[in-house]
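See below for the structure under consideration.
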Amino acid sequence: MPFFQLHHIHANSDDTIPPVIDVEKGPKPEPLLRRSSIYEKPDDPNIVWWDGPNDPENPRNWSTLKKNINVGLISLLCFITPVASAMFAPGIPKVMQDFHNSNDELASFVVSIFVLGFAIGPIILAPLSEIYGRQIIYFIMNVLFVIFTLACAVSSNLGMLIGFRFLAGAAGSTPLANGGGTISDLIEQERRGAAMAVFAIGPLLGPVIGPVAGGFLAQAEGWRWVFWVIVIAGGLTTILFFILLRETYAPVILQRKTLRLQKQTGNLLLRSKLDNGLSATAQLKHAIVRPARLLLFSPIVLSLSVFQGLCFGCLYLLFTTFSTVYTEQYHWNTGKDGLSFLGLGTGLAISLIVFGYLSDRILKYKAGKGELKPEYRLLPMIPATIFISAGLFWYGWSAQAKAHWIIPILGTVLVGFGYLPVIMCIQTYLVDAYETYSASALAASTILRSLMGATIPLAGRSMYAKMGLGWGNSLLAFITLAMLPLPWMFYRYGEGLRKRYKVDL
Numbered sequence: 000m001p002f003f004q005l006h007h008i009h010a011n012s013d014d015t016i017p018p019v020i021d022v023e024k025g026p027k028p029e030p031l032l033r034r035s036s037i038y039e040k041p042d043d044p045n046i047v048w049w050d051g052p053n054d055p056e057n058p059r060n061w062s063t064l065k066k067n068i069n070v071g072l073i074s075l076l077c078f079i080t081p082v083a084s085a086m087f088a089p090g091i092p093k094v095m096q097d098f099h100n101s102n103d104e105l106a107s108f109v110v111s112i113f114v115l116g117f118a119i120g121p122i123i124l125a126p127l128s129e130i131y132g133r134q135i136i137y138f139i140m141n142v143l144f145v146i147f148t149l150a151c152a153v154s155s156n157l158g159m160l161i162g163f164r165f166l167a168g169a170a171g172s173t174p175l176a177n178g179g180g181t182i183s184d185l186i187e188q189e190r191r192g193a194a195m196a197v198f199a200i201g202p203l204l205g206p207v208i209g210p211v212a213g214g215f216l217a218q219a220e221g222w223r224w225v226f227w228v229i230v231i232a233g234g235l236t237t238i239l240f241f242i243l244l245r246e247t248y249a250p251v252i253l254q255r256k257t258l259r260l261q262k263q264t265g266n267l268l269l270r271s272k273l274d275n276g277l278s279a280t281a282q283l284k285h286a287i288v289r290p291a292r293l294l295l296f297s298p299i300v301l302s303l304s305v306f307q308g309l310c311f312g313c314l315y316l317l318f319t320t321f322s323t324v325y326t327e328q329y330h331w332n333t334g335k336d337g338l339s340f341l342g343l344g345t346g347l348a349i350s351l352i353v354f355g356y357l358s359d360r361i362l363k364y365k366a367g368k369g370e371l372k373p374e375y376r377l378l379p380m381i382p383a384t385i386f387i388s389a390g391l392f393w394y395g396w397s398a399q400a401k402a403h404w405i406i407p408i409l410g411t412v413l414v415g416f417g418y419l420p421v422i423m424c425i426q427t428y429l430v431d432a433y434e435t436y437s438a439s440a441l442a443a444s445t446i447l448r449s450l451m452g453a454t455i456p457l458a459g460r461s462m463y464a465k466m467g468l469g470w471g472n473s474l475l476a477f478i479t480l481a482m483l484p485l486p487w488m489f490y491r492y493g494e495g496l497r498k499r500y501k502v503d504l
């Protein structure tokens with residue numbers, strides 16, 4: 000049984016655990032086991048494994064401080080790269096003016112091309128992290144992200160800017176592709192909800208906070224300085240990663256331990272317990288197609304990814320109206336325009352506190368009844384969609400009626416409050432359900448989410464021009480209302496679908 004599946008446990012005071020839970024096959028009908036038995040060395044002396052339940056090399060046994068540092072670094076990076084996705088959006092009019100282009104669709108594409116990079120990067124980065132480890136992928140991609148962002152800052156034409164924006168997005172997708180896997184490496188399932196909430200807030204708050212800062216910066220110093228600020232922030236973060244980040248992926252740690260013991264003992268027959276016997280090339284070929292296999296052959300992964308992608312696309316489509324509404328209708332300048340995103344940020348922050356608190360407690364409550372299923376992570380999603388729909392109706396019609404500027408912003412608070420649990424619950428569910436291959440599961444979800452987030456907003460300007468703000472946002476609200484039963488269906492039937500359509504990973 001893979002290492003991470005052995006950690007689906009709930010400790011009792013007498014140091015016993017209930018039957019081991021395999022997330023693919025369900026509970027095994029075994030008697031209660033001593034916790035230490037999980038870590039007993041195999042009978043074969045040539046098999047390398049953890050040195051007992053307290054092995055300090057096991058990331059699950061690291062100190063709380065060391066775990067928090069690694070999770071904090073990933074969460075920081077997962078905030079910076081989404082900030083970069085939208086920070087210069089308020090400066091787009093100046094970009095188009097500098098490059099003598101008035102194409103509205105191309106103006107939207109300059110922003111969304113970064114998100115398209117988010118869709119492409121995980122296809123390669125997630126599988127690579129499951130072969131060579133998380134650490135090296137973070138190191139290399141962080142450096143490339145800084146280089147590509149710097150190239151955006153010095154772009155001499157629109158084509159160059161678009162090209163390097165795409166490459167920066169692909170490199171910046173690393174924490175989205177591998178962050179959930181890192182958290183899975185470090186933290187047991189029953190304590191994972193709070194960490195995933197902190198991790199999830201970056202991709203959500205980033206596109207909100209980015210335009211606020213970017214609006215004032217673009218107005219004061221020009222759009223190029225937006226990229227220089229990102230370069231500085233990314234460079235400092237990269238230095239912190241080189242100093243503080245440690246490898247967390249168990250198969251890679253055990254493989255390094257095996258090589259070290261081979262060198263020390265001269266016994267070349269030693270091999271890791273998690274070694275699948277495949278060459279790096281064969282592993283890469285198999286790993287590259289893993290996210291696609293999950294999307295194509297796992298109905299639950301596909302359904303959740305589509306659900307998440309629709310919500311993500313609606314959110315980015317909503318973003319396309321802010322500049323128009325608040326600059327033309329409320330006569331805000333470029334700098335002040337970014338403040339219109341704060342309603343979403345407020346809703347996301349409140350939601351983070353509420354649903355981050357509830358996630359682990361719901362799981363522990365259910366586990367106390369003798370069950371521990373990934374599907375319990377989906378429960379907070381059930382009421383969330385109604386807030387998204389209500390907020391879209393509120394924002395659209397209050398903006399259409401030209402009510403006081405605070406009224407539409409209050410509507411976006413509801414959108415943000417409902418949106419975070421959708422993303423957080425789906426990501427945490429995928430990590431719990433596919434622990435060893437959680438990076439590939441999240442990559443599959445990120446690919447579809449980012450594609451929809453990049454393409455749906457392209458229709459925003461023409462849709463609002465024809466339907467107006469009221470009916471345009473009502474259309475989005477009706478779409479989210481139609482999705483209202485889906486979270487309950489995922490919760491009720493997700494386990495059956497996951498077990499019936501088991502994907503060979």
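Using numbering that gives the first Met the number 0, the final residue of the sequence shown is 504, and nothing's skipped along the way.
By construction, the Cβ of each residue, glycine as well, lies at the ideal position given by its N, Cα and C atoms.
Rounded to a whole number of angstroms, what is the C-alpha to C-alpha distance between Pro-90 and Leu-309? It should be pointed out that residue 90 corresponds to Gly in this sequence rather than to Pro. Going from the Cα of Gly-90 to the Cα of Leu-309 covers about 27 Å.
I'd like to know whether the C-beta atoms of Gly-120 and Ala-199 end up nearer to each other than 8 Å. no
Suppose you measure from the CA of Tyr-490 to the CA of Leu-378; what does that come to, to the nearest Å? 7 Å
The alpha helix (DSSP H) that contains Val-324, what's its start and end? Here Val-324 belongs to no alpha helix (DSSP H), and DSSP marks it neither H nor E.
Taking all protein chains shown into account, do 16 or more other C-beta atoms lie within 10 angstroms of the C-beta of Lys-24, making it buried, or fewer, making it exposed? Confidence is the limiting factor: at Lys-24 the pLDDT is only 35, short of 50, which leaves the residue's position unreliable and the question unanswerable from this model.
Where do the ends of the alpha helix (DSSP H) carrying Pro-290 lie? 289-296
6 Å Cβ shell around Gln-261 - same chain, five flanking residues per side excluded: Leu-267, Leu-269
Close-in-space but distant-in-sequence residues of the same chain around Phe-296 (CB under 8 Å, 5 per side omitted): Tyr-500, Val-502
Ala-440 and Leu-293 closer than 8 Å at C-beta: yes
Nearest by alpha-carbon distance to Trp-61: which of Ala-389, Asn-156, Ile-182, Gln-96 is it? Ile-182
Report buried or exposed for Leu-124, applying the criterion of at least 16 other Cβ atoms within 10 angstroms of its Cβ. buried
Quick check: what's the CA-CA separation for Pro-290 versus Leu-301? 11 Å
What residues are listed by DSSP as bridge partners for Ser-271? Val-47
Distance, Glu-374 Cα to Gly-493 Cα: 7 Å
Identify which residue in Lys-365, Ala-402, Ile-208 has its Cα closest to the Cα of Tyr-325. Ala-402
Cα-Cα separation between Leu-82 and Ala-389, rounded to whole angstroms: This sequence places Val at residue 82; Leu is not what is there. In a straight line, the C-alpha of Val-82 is about 26 Å away from that of Ala-389.
Looking only at C-alpha atoms, which of Pro-202, Leu-317, Asp-274 sits nearest to Lys-256? Asp-274
Beta-carbon spacing of Ala-383, Val-421 below 8 Å: yes
To the nearest angstrom, how far is it from the Cα of Gly-201 to the Cα of Gly-265? 47 Å
If you draw a straight line from the C-alpha of Arg-59 to the C-alpha of Ile-455, how long is it? 40 Å
Taking only the alpha-carbon atoms, compute the straight-line gap between Met-380 and Ala-286 and give it to the nearest angstrom. 30 Å
Report the rounded CA-to-CA distance for Met-488 versus Ala-106, giving the unit in angstroms. 39 Å
Exposure of Ala-432, with buried meaning 16 or more beta-carbon neighbours within 10 Å: buried
Let me know the secondary structure DSSP gives Leu-277 once reduced to three states. coil
Using 10 angstroms around the beta-carbon of Phe-477, count the other beta-carbons present and answer buried if the total reaches 16, otherwise exposed. exposed
First and last residue of the alpha helix (DSSP H) that includes Glu-104? 103-131
Thr-80 classed as buried or exposed, judged by whether at least 16 other C-beta atoms fall within 10 angstroms: buried
Measure the C-alpha to C-alpha separation of Arg-33 and Glu-56 and round it to an integer number of angstroms. Here Arg-33 scores only 35 on pLDDT, less than 50, and its place in the model is too uncertain to base an answer on.
For Ser-473, count the other beta carbons within 10 Å of its own beta carbon; 16 or more makes it buried, fewer makes it exposed. Which is it? buried
Do three or more CB pairs link the region 95-113 to the region 456-470 at distances below 8 Å? yes
Under DSSP, the alpha helix (DSSP H) around Ser-172 begins and ends at which residues? Element bounds for Ser-172: n/a, residue is neither H nor E.
Looking at C-alpha atoms only, which residue of Met-95, Leu-314, Ala-150, Gly-178 is the closest neighbour of Glu-129? Gly-178
Nearest neighbour of Ile-136, chosen from Leu-496, Ala-152, Glu-104, Ser-172 [CA to CA]: Ser-172
Is Ala-232 near the ligand SAH, in the sense that its beta carbon is under 7 Å from a heavy atom of that ligand? You won't find the ligand SAH in this model; it holds no ligand whatsoever.
Burial state of Ser-278 (16 or more Cβ within 10 Å): exposed
Considering only the alpha carbon of each residue, which of Gly-180, Lys-335, Leu-253, Ile-146 lies closest to Arg-164? Ile-146
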